[in-house]
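Heads up: the sequence shown runs through residues -25 to -1, 1 to 143, numbered per mature numbering (1 follows the signal peptide of the UniProt record, and there is no 0). By construction, the Cβ of each residue, glycine as well, lies at the ideal position given by its N, Cα and C atoms. Reviewing the structure listed below.
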Amino acid sequence: MNKKINMAVLGTALALALSPAAAQALIEETPVANALEQSEIDRFCGNIADAARDRRYALQEEELTKLRADIDSRIKLLEDRRAEYEQWLKRREVFLARAEQSVVGIYSRMRADAAAAKLTELPNELAAAILMQLKEQQAGQILSEMEAKAAARLTTVMASVASKKDPS
């Protein structure tokens, strides 16, 4: 153990005894070491530059894929809404076509109380379609002869069909 301590003391004494010229030489070696470290850093950065670029491209491609999926889902949603709207429009046209003029003519010649009784027995959509084809005064007389609940149901159907509001 004494030997180790003696060696440490001797090393310290030698280091302190160095001349200023020797100390200056040690200081001048540091830039060379820094230059070696810098070239090693440059080599390292050069070696990983391609991998970093590839990773950056992969991340960008992944982001673009996510954006494409989002756009595709939005397009699908819009197409679904368009199909729903077209279906609604088709139902409306079918609804109006159900009330052919011959059927409307028959109901237009009936007394209001008789027409009200018959229309109450029909499906709401068909009865409402017939009422919409009649003259306003005649439709009003028929509705006034109906029970309040039946008249309200038919009026609701007529109002929803006559509405220009988009169903979605």
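For R128, the enclosing alpha helix (DSSP H) begins and ends at A123 to A137. Between N99 and V132, the C-beta gap is smaller than 7 Å, which places the two residues in contact.
When the alpha-carbon of A123 is set against those of A44, R66, A92 and L101, the nearest one is in A92. Y82 is a Cβ neighbour of I105, given a cutoff of 7 Å. Annotation for L106: the continuous alpha helix (DSSP H) segment containing it runs N99 to Q108. Taking all protein chains shown into account, A103 has 16 or more neighbouring C-beta atoms within 10 Å of its C-beta and is therefore buried. In this structure, A87 sits away from I50, with a CB-CB distance that is not shorter than 7 Å. Judged by beta-carbon spacing, R73 lies beyond the 7 Å limit of L94, meaning their Cβ atoms are not closer than that value.
With contacts defined by Cβ atoms closer than 7 Å, V79 and Q108 form a contacting pair.
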